[in-house]
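Beneath this line is the structure, given in structure tokens, with notes to follow.
2 protein chains.
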Amino acid sequence: MKLSTRGRYGLKAIYQLALYYGQGPISLKQIAIEQELSENYLEQLFSTLRKEGLLHSVRGAQGGYMLSKKPSEITVGEILRALEGNIAPYDCVVDDDFVCSREDTCVTRPVWVKIKNSIDEVIDSITLQDMIEENIKFEEQEDER
Amino acid sequence: MKLSTRGRYGLKAIYQLALYYGQGPISLKQIAIEQELSENYLEQLFSTLRKEGLLHSVRGAQGGYMLSKKPSEITVGEILRALEGNIAPYDCVVDDDFVCSREDTCVTRPVWVKIKNSIDEVIDSITLQDMIEENIKFEEQEDER
DNA sequence: GGAAAACCCAGTGAAATAGTTGGGATTAGA
DNA sequence: TCTAATCCCAACTATTTCACTGGGTTTTCC
């Protein structure tokens, strides 16, 4: 029941973009260095995020990536779903093509539904802006010591 | 972010044991047939659940497994954790041995913590008894149609 | 024109998952 | 006492998923 590195790395990387919001395109290389991630791998993640409409890209020299919306308008849920697909303990609660011969009598399904709903509630309520603010608060507390 | 078959099969199987609670030991074979699972594989899961104290076993002919507590005293959380380990999106929020060089400055950790807490809240609040009752209610609704 | 960047996509090695197999040990009942 | 039912345990294997890597193309700035 773990997220893969796609979701984890992707969120870290897009957080970094959020910090630079409004400052023009940032190169993959810079993000990869700042968050200690593989540049090539990150490229795949950003490609996905771009196709999902969360990022804009600028090609050519001095190009790079930027958020397509304000940090307060992008939720963790959108990011994780773009990178990992629906976040749920089992496909039977999300995948329309999923065939379950005993869907109507499955005794565990209600449990999976409840877990999914509670995760959704959390990730859809956190925006990149929230993450930035939480981090600022945390750093201030550190400084006080 | 999916559960493995261990958690899924295990919960189905132990639910079946809950239905027979108070009726003495039930054989693996019977459970395997009723929930359409591999008997040998199920054995591994029950072995784990026994070691965790959730099941009792009776060896020999006419032996089998039974719940070690009332269905109302066993939660889904106990079962899933026994079979899958801690349920969390990332090891950094559960594993004491986990080494994270940037734990204090990690911007994503608060997100993982919130997800974990919300999952825990759900799975620790559902007992086997709850599952049985939910299923009875569902069947009654079906009958009305 | 050259360098820097995004873009595209196929391949790969390692690890995890989902079982299977085979052989014991124990016990109830005939 | 014998036998069949059953739990117990460890090793083995096939498949899938993951986390990259590499090689090439295209675009744009200087």
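Just so you know, the protein sequences line up as chains R and B, in that order.
For my numbering, count along the first sequence from 1 and bump the result up by 619.
For my numbering, count along the second sequence from 1 and bump the result up by 619.
Note that beta-carbon positions come from the ideal geometry of N, C-alpha and C, so glycine has one too.
Asked                                                                                                                         : Found
Member of B:Arg-625, B:Arg-678, B:Gly-641 whose CA lies at the smallest distance from the CA of Leu-661 (chain B)             : B:Arg-625
Below-8 Å beta-carbon distance, Glu-752 (chain R) vs any chain B residue                                                      : no
Contact with chain R by Thr-694 (chain B), beta-carbon distance below 8 Å                                                     : no
Ala-571 (chain R) to Gly-629 (chain R) span [Cα, whole Å]                                                                     : Outside the displayed range of chain R (620 to 764) lies residue 571 (chain R), so it cannot be described from this structure.
Spatial distance of Thr-727 (chain B) from Ser-623 (chain R) (CA atoms)                                                       : 14 Å
Rounded distance between the beta-carbons of Ile-698 (chain R) and Ile-734 (chain B), thought under 8 Å                       : That pair is no contact at about 13 Å.
Contact under 8 Å by Cβ, Pro-690 (chain B) with Gln-748 (chain B)                                                             : yes
Buried or exposed by the 16-neighbour rule on C-beta atoms within 10 Å, applied to Ile-598 (chain B)                          : What the structure shows of chain B is the stretch from 620 to 764, and residue 598 (chain B) is not part of that stretch, so it cannot be assessed.
Identity of the residue in B:Thr-667, B:Ser-657, B:Ala-707, B:Val-695 nearest Pro-729 (chain R) by Cα                         : B:Val-695
Residue from R:Leu-673, R:Ala-680, R:Val-713 whose Cα sits closest to the Cα of Thr-746 (chain R)                             : R:Leu-673
Rounded straight-line distance, which links the Cα of Ser-720 (chain B) to that of Val-677 (chain B)                          : 48 Å
Close-in-space but distant-in-sequence residues of the same chain around Val-713 (chain R) (CB under 6 Å, 5 per side omitted) : Asn-705, Ala-707
Cys-711 (chain R) versus Ser-744 (chain B) - alpha carbon distance                                                            : 22 Å
Sequence-distant residues of the same chain with beta carbon closer than 6 Å to Met-685 (chain R), five excluded per side     : Pro-644, His-675
Arg-627 (chain R) at chain B interface by Cβ criterion, 8 Å                                                                   : yes
Cα-Cα separation, Leu-668 (chain B) to Ser-687 (chain R)                                                                      : 48 Å
Gly-683 (chain B) - DSSP class collapsed to helix/strand/coil                                                                 : strand
Per DSSP, the bridge partner or partners of Ile-650 (chain R)                                                                 : Per DSSP, none; premise fails for Ile-650 (chain R).
DSSP beta-bridge partners of Leu-661 (chain B)                                                                                : Leu-661 (chain B) pairs with nothing; no bridge assigned.
Which listed residue (B:Asp-716, B:Gln-760, B:Ile-633) has its alpha carbon closest to that of Ser-666 (chain B)              : B:Ile-633
Under 7 Å from the C-beta of Pro-729 (chain B): neighbouring residues of chain R                                              : Glu-753
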